[in-house]
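Novice: In this note's numbering, the protein residues as written are 12 to 252. Even glycine gets a Cβ: it sits at the ideal position worked out from N, Cα and C. Got a structure for you, written out below as structure tokens; questions coming shortly.
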């Protein structure tokens, strides 16, 4: 894995803000989800710094995503639908045949994502399931783009998998209990040329996670990283070597 660098890449973030305000001409810039059209529910995690970082990483890497011409894209843990909707909008003009899937263990999240998708005129198949349990056989090694903002916050282990909004952040010891399960699913679902983009917290030990994936035959690099007042986040990009 590439060594962490100071990568406060302002351009994707600023471009995202300008897109949402309508400053950038739609003829020259891909679209992303508009916050005013994102659904909400008290038991659903709202887009925040980690969500914006993930969309910024996808936006910054859009040329590679478009060149990938993905057949199937999947988000694990869709929450409000902000990320999967943004990904669909980024790809829509250049990859019109791409099919999108999203999962969440929270029923309110799947319903909120459906609202967000409908508000943006985007189609995606929503599945209420734990990680991707109901899709693993159906989509075995066929996902070309996998995005995930996992529950990464270190919490007591008994909070992991709790009902409602807690499930969106509770990660147990070192915030890795759900992440470790997702890594196995990545190996099962990702296509031979597939790309995975995963949000991680510094406390999750990203280097250790990349080593685990290296042993599974994956390369990795930091796609984007950013520090907030409360946490240091990064998006790691994985691919099969």
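1. List the endpoints of the continuous alpha helix (DSSP H) containing residue 219.
2. By the DSSP assignment, the beta strand (DSSP E) with residue 87 in it spans what residues?
3. When the Cα atoms are used, what is the spatial distance from residue 223 to residue 208?
4. Quick one: which unbroken beta strand (DSSP E) runs of 3-plus residues sit fully inside the segment 83-152? Chain order, please.
5. Does the Cβ of residue 124 have 16 or more other Cβ atoms within 10 Å, making it buried, or fewer, making it exposed?
6. Starting from residue 203, follow the beta strand (DSSP E) in both directions and report where the run begins and ends.
7. Here's the rule I'm using: 16 or more other beta-carbon atoms within 10 Å means buried, otherwise exposed. How should residue 229 be labelled?
8. Cα separation between residue 161 and residue 188?
9. For residue 181, write down the residues that DSSP places opposite it in a beta bridge.
10. For the segment 115-129 and the segment 63-82, state whether three or more C-beta atom pairs, one from each stretch, are separated by less than 8 Å.
11. To test your reading of the DSSP string, which unbroken alpha helix (DSSP H) runs of 4 or more residues are found completely within the segment 42-77?
12. With respect to the beta strand (DSSP E) encompassing residue 171, which residues constitute its N-terminal and C-terminal limits?
13. Roughly how far, in whole angstroms, is the beta-carbon of residue 57 from the beta-carbon of residue 117, given that I think they are within contact range, below 8 Å?
Specialist: Taking the structure as given:
1. It spans 217-226 - the alpha helix (DSSP H) in which residue 219 sits, taken as one unbroken run.
2. 83-87
3. 16 Å
4. 83-87, 110-115, 136-139
5. buried
6. 201-212
7. buried
8. 10 Å
9. 164
10. With the rule of 3 Cβ pairs closer than 8 Å, the segment 115-129 does not count as touching the segment 63-82.
11. Counting whole runs of 4 or more residues, the segment 42-77 contains the alpha helix (DSSP H) stretches 60-71.
12. Unbroken run through residue 171: none, as it is neither H nor E.
13. 13 Å between Cβ atoms; not a contact.
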